[in-house]
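Chains as they are written, first to last, in our numbering: chain A, 1 to 487; chain B, 1 to 453. Using N, Cα and C, we set each Cβ at its ideal position, and we do this for glycine too. Bear in mind the structure is a predicted one, so any value in this text is a computation, not a measurement. See below for the structure under consideration.
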């Protein structure tokens, strides 16, 4: 019997050996696949098990974390949620993350290996880093001024510091409170459905994700192209342009909002925003040079990240001469994001240079030590410095004695350009009111702010809704806020 | 386990004069170690969860310590030659089980199982003490073989009269306590099998005809055995408790083989097992779904219904990795229902890692090995079969449930010996350890010059 008992013992040993081998299989070889299975809640529990890092504006957090005591413990909260929503985006346990919450998620959630004191240290200790902070370039006062100025109307504001490319304000209206999407309750689901079904699209970031026909504000680009290409050598010389202007190759005639545009010089045509003069200028410059200049300003570029992606602003390079004429006054297929138009204005303000805009000044660990800083940004020459100087002068005149007088700020040099963009089939839609501008305090050596404002649904009758009437006061408020903020 | 070492000296004439060591001091030291380890685990849970040593730590340690000491005193008094490893392993596994259940209680504030488990452990140790004190010689049990089998069948049939719980009719509820009579039945059946086979093994092995190289025993010998086995398995299939059914079958085959040494039994057993498993797995919907889950543990995820218990169990094991998350820091509570009972091993796997899990498996292996060693050292066939049977119960049970929650075999509900929540299981396991202590005492004591067998 002894032999058989030994056999039975060996059998039991085999069973236990199989268990050990199976444990190794599951815990070592399959571990990674199981850990990363989307249905495995552990990753989420760990992610929400600690407070998320904060997003800072003017050194103060505009975000927070709330301890719910639930399985997914911490929920995101927002101070002034609607105001900063186009920058922060949301961080939802149910619907993921967007905008800065998305692009900076590794830092905010603490998963960025750069937050670790020593390489591989956390792999060994199984500790998770506390979430790091993201310091933005925003100017809170400018942001608030823009938000107040839009006052819930559909529209957007983008403001930049021309010398650096720092984004000072990024506002989209109407907005929403991202805090309502933070948790995972049924209320969050209802909010999500409601926000997505809302015809005003409050979650659309109009400042960077929506393109509009830029209308007359695009004349800055057309003027730059004409000056750089040598089509215009003297801004005060008559331009030999008829009014109304018959689009080349068609019988369609283009007219102006105001009279007396015939043969006006570039200076006067810019001041009074003559469509006929600029349409003809665009045709004279030609599609190649127009496209090149537009591209130099940042059009047709879909690689821009601030750090979240910016919609591609377009200038159609495959157009006939009639279409080119319309494209040159910011119609036809010409479309721009408000941020793109702020870059146009910034290029004028900064001697023709465009610096890639950015939103994140630096990221830090929870303890405050720096993880990453923005550093110097790439520079691109959009136009010759002399051209920029001329345009600066032209834009200043628009504010002192043209269509943009509403943007004037006492004690500061302000340059601007109005725009009223028509859209819709047969131009039947309500026009968009545009204003692009820059401002330089008299004590400063260079402009400190460039801004673009677009207001979609100006409810007044057509004609009244020119950029000068609706958009310029908002731009002024934003620029004033920047100039007044202490530095 | 073939080398007996110092404990089982070759039974030559000179050994008669040697006084064998009792090794009770070793047992006491190991018990102290086991209690300290358990208290350490209890404190680790509190430190990880609240940053402080839990207030009940001293009471818990004292309670476990007193229980272990009482058991030790009983052994010292009445089973001085017993194997010194058996009791410490039982204490450590029981203590660890309490720690794991206490840890899971923190996640389910409305449902505290640890205090009840401690009460049942006390009952278990009381039974252990009673068995060690009152059962002076294991051979006495041989006389009660038929009483045992009658009791076992009664216990198996009893739950059919009670309502089903979670699809299985294996519980009876009396005064707020749930009892699983099948747990007790397995010890009684092991005693019966051992007694019956010890008496009839020669008839089974040598009489009857040979068919296809198989030595078939006469119907007169095999009949009663087969009938009892069929009844018990039939009852279990009716009660939908497949784990226990599998366990009885395995026990039956192992003991039959050990008693007769006929390999034909293994072939026949495997054949019967596979036919039975196939038929039940195909026909019985409850079991069929378990097989499906085993083959495709993530099917419910792909169907958009979220992970099922087996998937959650696998996630828990995987999350533990090699070193584990540390006690109190895992999320095995995601398994949900039965996390403290059938799936308790997943918590061990997640929080103690592969290292801890291997240690637990090795503790079971050691327990089984000690049982087999006692069986090898004994001379009377009943004792040998009883020790083998009891050790096999532990080994098979560990395999069925650990393999089930680990995705090795289809999952069948069963309690991890000592670790899992469940009063009947703990009490039964203490009874098994008590019987093993008794047979190992006989096994070693028979060589001592004081003993007169």
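At least one CB atom of chain A sits nearer than 7 Å to the CB of residue 365 of chain B. Rounded to the nearest whole angstrom, the C-alpha separation of residue 25 of chain B and residue 83 of chain B is 12 Å.
As far as DSSP is concerned, residue 318 of chain B takes part in no beta bridge. The beta carbon of residue 408 of chain B sits closer than 7 Å to some beta carbon of chain A.
If the five residues before and after residue 354 of chain A are omitted, its C-beta is found closer than 6 Å to the C-beta atoms of 343, 347, 380 and 382, all from its own chain and listed in chain order. Take residue 135 of chain B, set aside five residues on each side of it, and the residues of its chain with a beta-carbon closer than 6 Å to its own are 438, in chain order. Scanning its chain for C-beta atoms nearer than 6 Å, with the 5 sequence neighbours on each side dropped, one finds around residue 324 of chain B the residues 351, 352, 353 and 356, in chain order. When the alpha-carbon of residue 340 of chain A is set against those of A:313, A:324, A:366 and A:351, the nearest one is in A:313. In this structure, the beta-carbon distance from residue 188 of chain A to residue 94 of chain A falls below 7 Å.
Exposure of residue 2 of chain A is indicated by the presence of fewer than 16 other C-beta atoms within 10 angstroms of its C-beta.
With a minimum length of 4 residues, the unbroken runs of alpha helix (DSSP H) contained wholly in the stretch 327-379 of chain B fall at 344-377.
Contact between the stretch 278-291 of chain A and the stretch 169-183 of chain A is absent: fewer than three C-beta pairs spanning the two stretches fall below 8 Å.
Contact between the stretch 434-441 of chain A and the stretch 207-225 of chain A is present, with at least three C-beta pairs closer than 8 Å.
Setting aside the 5 residues that flank it on each side, residue 132 of chain A is surrounded in the same chain by 53, 107, 108, 110, 112, 115, 363, 364, 365, 366 and 371, each with a C-beta closer than 8 Å to its C-beta; the list follows chain order. According to the DSSP assignment, residue 412 of chain A belongs to no alpha helix (DSSP H) but to the beta strand (DSSP E) extending over 412-421. Neighbours of residue 306 of chain B in chain A, taken as residues at a C-beta separation under 8 Å, are given in chain order as 39. The Cβ atoms of residue 152 of chain B and residue 185 of chain B sit closer than 7 Å to each other.
Taking 7 Å as the threshold, the shortest C-beta distance from residue 395 of chain B to chain A falls below it.
Two segments are said to touch when three or more pairs of C-beta atoms, one from each, lie closer than 8 Å; by this definition the stretch 468-482 of chain A touches the stretch 399-412 of chain A. Burial state of residue 37 of chain A is buried, judged by a 10 Å Cβ sphere holding 16 or more other Cβ atoms.
Listed along chain B, no residue sits closer than 8 Å to residue 120 of chain A by beta-carbon distance, the nearest being about 14 Å off. Between the stretch 71-78 of chain B and the stretch 43-63 of chain B, the count of Cβ pairs shorter than 8 Å is below three; the stretches do not touch. Here DSSP, grouped into helix, strand and coil, assigns residue 474 of chain A to helix.
Taking a beta-carbon distance threshold of 7 Å, residue 44 of chain A does not count as an interface residue toward chain B. Note on the stretch 313-374 of chain A: whole alpha helix (DSSP H) runs with a minimum of 4 residues are 321-328 and 338-349, in chain order. Taking CB atoms only, residue 102 of chain A has no neighbour in chain B less than 7 Å away.
With fewer than three CB-CB distances shorter than 8 Å, the stretch 21-36 of chain B does not count as touching the stretch 166-174 of chain A. For residue 120 of chain B, the enclosing alpha helix (DSSP H) covers residues 114-134. Under DSSP, residue 435 of chain A forms a beta bridge with A:418 and A:453.
Remark: C-beta atoms of residue 254 of chain A and residue 322 of chain A do not approach each other more closely than 7 Å.
When secondary structure is reduced to three states using DSSP, residue 254 of chain A falls in the strand class. For the set A:19, A:39, A:22 and A:20, the Cα lying nearest the Cα of residue 303 of chain B is the one of A:39. For residue 331 of chain A, the CB contacts under 6 Å within the same chain, skipping 5 residues up- and downstream, are 213 in chain order. Judged by DSSP secondary structure, residue 167 of chain A falls outside any alpha helix (DSSP H) and instead within the beta strand (DSSP E) spanning 167-173. Following the DSSP letters along the chain, one finds residue 78 of chain A inside the beta strand (DSSP E) bounded by residues 74-78. When Cβ pairs closer than 8 Å are counted between the two stretches, the stretch 445-458 of chain A is seen not to touch the stretch 226-236 of chain A, the count staying below three.
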